[in-house]
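Colleague: Shown below is the structure under consideration.
Residue numbers (our numbering): 13 to 201.
In structure tokens, the structure reads:
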């Protein structure tokens with residue numbers, strides 16, 4: 013909540029400092045938070061779909077030139093992630109119509125979109141990095157990859173795990189907690 017837009021009132025009878033909330037400014041602030049959360053989830057879904065779709069096409073074309081089932085499987089796995097993200101996106105966008113345009117409705121909407129980002133972050137590890145790392149480790153064992161390739165691929169997966177974990181813990185979860193604290197404070201009044 014943006015406290016600089018609140019007006020301080022002195023209650024002389026009780027000798028307490030009280031605050032009056034400028035509801036219009038608060039509603040605008042919540043709307044900005046909702047719009048920012050919507051833009052973030054849209055960007056995440058679109059970029060994951062674009063990147064994985066492009067990789068799926070390149071792996072498929074590569075598999076046609078040098079037919080190894082590894083590249084066909086990798087292409088199918090990438091395509092499956094695009095389908096999953098797009099189905100989730102469709103369900104999320106359909107559910108957005110259920111939120112009313114009140115202050116609490118928009119706050120719930122912002123929390124729901126932040127939850128979607130956290131869910132995608134979890135799924136990036138469970139449904140994406142773990143299967144792909146397992147798949148590519150098996151592939152490197154079968155093709156007897158060089159030490160440099162082992163180090164590169166292992167380093168990339170470890171870096172991906174760390175960055176996804178860091179982003180979820182340091183950005184998305186605190187944002188969700190702040191929105192929930194704001195909702196709780198508003199419900200108390």
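Glycine included, each C-beta is placed from N, C-alpha and C at the ideal position.
Just verifying my parser: in three-state terms, what is the DSSP assignment at residue 88?
Modeller: Here residue 88 refers to the residue found at position 76 of the chain shown. Residue state, collapsed to three classes: helix.
Colleague: Just how far apart, CA to CA, sit residue 173 and residue 148?
Modeller: What you label residue 173 is simply residue 161 of the chain shown in a count that begins at 1. What you label residue 148 is simply residue 136 of the chain shown in a count that begins at 1. For residue 173 and residue 148, the distance between alpha carbons rounds to 15 Å.
Colleague: Where residue 91 and residue 198 are concerned, what is the direct C-alpha to C-alpha distance, given to the nearest angstrom?
Modeller: In the chain shown, counting from the first residue as 1, residue 91 sits at position 79. In the chain shown, counting from the first residue as 1, residue 198 sits at position 186. Pairing residue 91 with residue 198, the inter-Cα distance amounts to about 43 Å.
Colleague: So, at 6 Å on beta carbons, what are the nonlocal neighbours of residue 127 in its own chain, with the 5 sequence-adjacent residues on each side left out?
Modeller: Taking the chain shown and counting its residues from 1, the one referred to as residue 127 is at position 115. Nothing meets the Cβ criterion.
Colleague: Is there contact here, the region 71–84 with the region 109–127, by at least three beta-carbon pairs under 8 Å?
Modeller: no
Colleague: Give the secondary structure of residue 143 by DSSP, where H, G and I count as helix, E and B as strand, and everything else as coil.
Modeller: Here residue 143 corresponds to residue number 131 of the chain shown, with the count starting at 1. Three-state result, residue 143: helix.
Colleague: Beta carbon of residue 99: closer than 7 Å to some heavy atom of the ligand ATP?
Modeller: For the ligand ATP, the structure offers nothing, since it holds no ligand at all.
Colleague: For residue 191, does the count of other Cβ atoms within 10 angstroms reach 16, so buried, or fall short, so exposed?
Modeller: Looking up residue 191 in the chain shown gives position 179. Label assigned to residue 191: buried.
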